[in-house]
Structures are given as structure tokens and as C-alpha cells.
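S.K.: Below you'll find the structure I mean.
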Amino acid sequence: MSKSSNVLLGVCGGIAAYKSAELTRELQRHGAQVRVVMTRAAQEFIQPLTFASLTGHKVFTDLWDSSATTDAAAVIEHIAQAQWADVLLIAPATAHTLAKLTHGLADDFLSAAYLATEAPVVLAPAMNGNMWNHPATRANVLALEQRGHRIVAPESGYLACGTTGDGRLADTETIVRAVLDLLNPPRDLAGETVLITAGGTREPIDPVRFLGNRSSGRMGYALAAAAERRGARVIVVSAAATLTPPPRCEVIRVDTAQEMHAAVLSRLPEATIVIKAAAVADFRVCHIAPTKLHRDGPLTLELEPTEDIVRSVVEHRRPGTLVIAFAAEMGLDIARAREKLQRKGADAIVLNDISREGLGFDSNRNAAVFLTEDSVVHIPESSKDDIAAQILDQVPSLRSHQEVALQLR
Ligand SMILES: Cc1cc2nc3c(=O)[nH]c(=O)nc-3n(C[C@H](O)[C@H](O)[C@H](O)COP(=O)(O)O)c2cc1C
């Protein structure tokens, strides 16, 4: 933690408000000084006393507290706290507060402090899935993102309202990571151009059907967003049809393995790092039916192997371009992954165990092993944002290892 580690934590009125207590503890564990602001609605869910006990500091709940005093020397508390903050974190951020921030309303302590602070802002929304997907909320989140605030997107899962969908507060570790990144922004990828593939390719069978896989593209997008924050220029070749593109990244949309292969090779000369996070089909249909196939009896599809994108990248890369491949396997077979690493000629391979329930494909969480020729780094289960950051943490040592190897040649 740097010397600047004052986190002003805004807590809004949502069910997830209780999670802000654990968040406070985690931020403190990482060395942050935490002070808490609660909206009126937040106090319906959790008592200020909880945060006062955790932080050893008064909790700010009322804009009028300090101004009501007759003491001429009294500070205007929301301005003082806005200036004290090195980061303003609002978690959970309600739909209502997001709307207020978007429009600059300032009728309570939190919204007034937001306007008064020059500190970077992290927003971790949590709400019912329909509230999150409502065009009003979408527009507000986009506006806040474009204002330069870091949105820690809610996750998919079981929601307190009894439904399942997007809207659950992101993991504590993901929110803490976002705050730490702002307090100690690593810019270790400045000057790099990172080419990332994401999502699962689709191989057409006929005009309406395809062979696909369960990859959502979340891991690739998390890597893209993290690399961009660390200063890299990022190009994403994406077969992820439904995700919101990572901010400030160039996104090239593709469907098939062949299209992904062509797009990657055409942008490869610009890349200094290539991360192959996409789940690329291994086979495609030899003869795509020109019209929709009918259920007239048994059907046999003849398949042929698709292009090996990693191998092409390794063959055509400029000297010095790092290549990080991915392997999705049933189980953590490190020997097999290392054999794949050597066979493909990549510099590192990220091994995902897809046999574990709730991890990997179509999930917000993952666990991985980062393998090079002579090292094994276990990345324990965490959010994909956090895993992405830990993968990128490996780049400097990969780079220096490569420089030594080039010198020895
Ligand atoms: C039981 C209950 C749960 C709620 N949960 C949420 C929530 O998770 N997210 C949200 O945006 N609003 C939620 N609301 C609505 C907010 O509390 C309401 O919009 C309030 O005005 C928010 O005020 P604030 O943004 O100043 O905290 C909930 C309301 C109730 C009654």
C-alpha cells in the first residue's frame, strides 16, 4: 500500500450493504485507512455502529451534522472528507445513487462528497437484475464509466430478490483489487500492444446452426480491461457476442476459427504480447449446408481440423513478442499442459480446470495454473478480474526470462 491509502467508502441502501463490513476489513488488511459514509437508506440495512466499530471513526450519515453547529471554526464535513479521500469507493452503489451521481445531484452527504472530491472513484453496483439491465441504469453506468470512474461490474448469480441473473455485488477481492490498482496504479504494460482473443468460436453447420462451446469471453475481456488499465494498447479479437466490450480497447468481432485466425495474423505485426484466451473450435464442418437441414433421418457431419492459431502466431511473431496460450482441461494435468506448451512453442500457458463446478466456462470465477518451461504458479480460485491481474503480474518475469534467453542464443 502506498502512503496515499485513504479510502472513503460510501454505503448505499441495498441488501448487499452488509457486505461492506467485510469490505472495510479487507481494505484495512491491505493497509488502507477507511472512513464510511452511509446514505439514509443504507441505515435501514446496517447500523452505522458496525462501521464506527470497524473503523474507529465516526460514520458520516448526515449532510447537516457539521453545518448545524454554531462553532465558526467547524469544518464542512463533506468537503473535508472529500479532500481526505485518496479513493472514493461506493459499494454497494444503488441504482438510485448511480442516477444521482450521473446527474450531479447533491442532496446527501455521499452525493455532495462525490461532487467535491478530486479522488478517483470506484463504483460497485448491486441490484435486482431488471434494475441493472434497465436502459436508465445502463445509460447512467455508461456515462459514469465515460467520466473515468472504475465500475466493478456486478456478477451473475442468485440475487436476494429470489431471482438469478446479473446484479450481485462483485466479490470483495475484486473490489479491493480495483481500489488497490487506483492507489498504486501499476503501469507496467505502458508501451506494450496486447493482442487478446476472447470468447468461443462458432462453426456453422447450416444457415441457422453452429458448433460452439460454453466460453463466454469473460476471461479474455477481464484480461483486456486489466491490460488497458496497466497502460497497454489493447486489441481484442472477440468471438464473445453478448458481453459489453472492455472500455478503451479496440474490438474486432469474429465468428469462426478461420475468421479469428485471419484477424489475429493481420494484427500480429503490431503486437508485443499475444494472449490466446479464446476457446477456439478444434473442428469445423467440411460441407456447410446452404439451406436449413431438416430432420429427415440420421445425419452424419464430416469434420475437419481448424487452423492452429497459437502455432501460426508463434511461427509469424516478431522476435520478442510474448505468447501466452490457454488450455482448458478436465483436471489439472500439469505434465500434459507443459507438453502442449512445448509443442506449441508459446512462452507460457494458463491451465484451467474445467471439471470444477462453478468455475471457468460461463462463470465469473476461475482458478488457474500459470506454467512456463521452468516454473509453475498456482492462481487460486478467484474472480476473473483478479485472475486476469495475477496473469498480467507474470509478464515482467516472462519478459526478463525471454531477454536472458535471447542473449544466450
Ligand atoms: C428490501 C430492499 C432492498 C433493496 N435493495 C436494493 C438493491 O440491492 N439495489 C438497489 O439499487 N436498490 C435497492 N433497493 C432500493 C433502494 O433502497 C432505494 O432505491 C433507495 O432510495 C436507495 O437510496 P440510496 O441510493 O440513497 O442508498 C432496495 C429496497 C428495499 C426496500
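Numbering (this note's numbering), first residue to last: 79 to 487. Ideal Cβ positions, reconstructed from N, Cα and C, are used throughout, including at glycine.
Just the Cα atoms here: how many angstroms apart are alanine 197 and glutamate 393?
M.R.: Each residue's alpha carbon lies about 46 Å from the other.
S.K.: Quick check: is any heavy atom of ligand 1 less than 7 Å from the C-beta of methionine 297?
M.R.: No, Cβ of methionine 297 sits at least 7 Å from all heavy atoms of ligand 1.
S.K.: Within this structure, are the beta carbons of asparagine 507 and aspartate 164 separated by less than 8 Å?
M.R.: This structure cannot settle anything about residue 507, because the visible part of the chain is limited to 79 through 487.
S.K.: Using a threshold of 7 Å, is the CB atom of alanine 413 nearer than that to any non-hydrogen atom of ligand 1?
M.R.: Outside the cutoff, so no.
S.K.: So, using beta-carbon positions, are isoleucine 124 and leucine 301 closer together than 8 Å?
M.R.: No, the pair does not count as a contact, with Cβ atoms beyond the cut-off.
S.K.: Could you check which residue in Ala483, Tyr192, Glu100 and Ala171 has the C-alpha nearest to that of asparagine 206?
M.R.: The shortest Cα separation from asparagine 206 among Ala483, Tyr192, Glu100 and Ala171 belongs to Ala171.
S.K.: Is the Cβ-Cβ distance between glutamate 385 and histidine 365 less than 8 Å?
M.R.: No. Outside cutoff.
S.K.: Report the residue ranges of all alpha helix (DSSP H) runs contained in full by the stretch 79-134; include only those spanning at least 4 residues, in chain order.
M.R.: List check, alpha helix (DSSP H) in window: 97-107 and 126-133.
S.K.: How long is the line joining the alpha carbons of aspartate 513 and valine 254, rounded to whole angstroms?
M.R.: Since the displayed the chain opens at 79 and closes at 487, residue 513 lies outside it and no answer follows.
S.K.: Specify the secondary structure class of glutamine 485 as computed by DSSP and reduced to three states.
M.R.: Here glutamine 485 sits in helix by DSSP.
S.K.: Helix, strand or coil: which one does DSSP assign to isoleucine 330?
M.R.: It is a strand residue.
S.K.: Among Cys327, Gly240, Glu281 and Arg225, which has the Cα closest to the Cα of leucine 273?
M.R.: It is Cys327.
S.K.: Alpha helix (DSSP H) containing threonine 215: first to last residue?
M.R.: Where threonine 215 is concerned, the enclosing alpha helix (DSSP H) stretches over 213-224.
S.K.: Rounded to whole angstroms, what is the Cα-Cα separation between serine 189 and serine 344?
M.R.: Cα to Cα, the separation comes out at about 47 Å.
S.K.: If contacts are defined as beta-carbon pairs under 8 Å, then glycine 277 and serine 234 qualify, I think. What distance do you get, rounded to the angstrom?
M.R.: With a Cβ gap of about 16 Å, glycine 277 and serine 234 do not count as contacting.
S.K.: Give the secondary structure of aspartate 259 by DSSP, where H, G and I count as helix, E and B as strand, and everything else as coil.
M.R.: Residue state, collapsed to three classes: helix.
S.K.: If you draw a straight line from the C-alpha of arginine 443 to the C-alpha of glycine 243, how long is it?
M.R.: Each residue's Cα considered, the two are about 15 Å apart.
S.K.: Taking DSSP as the reference, what is the three-state secondary structure of histidine 227?
M.R.: Histidine 227 falls in the coil class under three-state DSSP.
S.K.: Can you give the beta carbon distance from histidine 339 to isoleucine 387, rounded, assuming they're within the 8 Å contact cut?
M.R.: Right, their Cβ atoms sit about 5 Å apart.
S.K.: So what does DSSP say about aspartate 431, is it helix, strand or coil?
M.R.: Aspartate 431: strand per DSSP, three-state reduction.
S.K.: When you measure from the CB of proline 264 to every non-hydrogen atom of ligand 1, does any distance come out below 7 Å?
M.R.: No, the Cβ of proline 264 stays beyond 7 Å of every heavy atom of ligand 1.
S.K.: Taking its Cβ as the centre, do 16 or more other Cβ atoms sit within 10 Å of serine 131, making it buried, or is it exposed?
M.R.: So serine 131 ends up on the exposed side.
S.K.: Candidates Arg389, Gly409 and Met408: which alpha carbon is nearest leucine 35's?
M.R.: The shown model of the chain, from 79 to 487, leaves out residue 35, and the question about it has no answer.
S.K.: Determine the extent of the alpha helix (DSSP H) in which leucine 343 is found, giving its start and end residues.
M.R.: 335-345 is the extent of the alpha helix (DSSP H) around leucine 343.
S.K.: Assign threonine 378 to one of two classes, buried (16 or more other C-beta atoms within 10 Å of its C-beta) or exposed (fewer than that).
M.R.: Exposed.
S.K.: Can you list, in chain order, the residues of its chain with a C-beta nearer than 8 Å to that of glycine 409? Leave out the 5 residues immediately preceding and following it.
M.R.: Excluding residues within five positions, the ones whose Cβ falls inside 8 Å are Asp431 and Ser433.
S.K.: If you measure between the beta carbons of aspartate 463 and threonine 252, is that distance less than 8 Å?
M.R.: Contact flag set, yes.
S.K.: May I ask you to check if the CB of arginine 118 is nearer than 7 Å to at least one heavy atom of ligand 1?
M.R.: Yes.
S.K.: Glutamine 472 by DSSP, collapsed to three states: which one?
M.R.: Coil at glutamine 472, not helix or strand.
S.K.: Enumerated in chain order, which unbroken segments of the beta strand (DSSP E) with a length of 3 residues or greater are wholly contained in the stretch 161-203?
M.R.: You should have 165-171 and 199-203.
S.K.: Just reading off the alpha helix (DSSP H) that alanine 300 is part of, what are its end residues?
M.R.: Segment 296-307, the alpha helix (DSSP H) holding alanine 300.
S.K.: Is glycine 182 near ligand 1 - that is, is its Cβ less than 7 Å away from at least one heavy atom of it?
M.R.: Every heavy atom of ligand 1 is 7 Å or more from the Cβ of glycine 182, so no.
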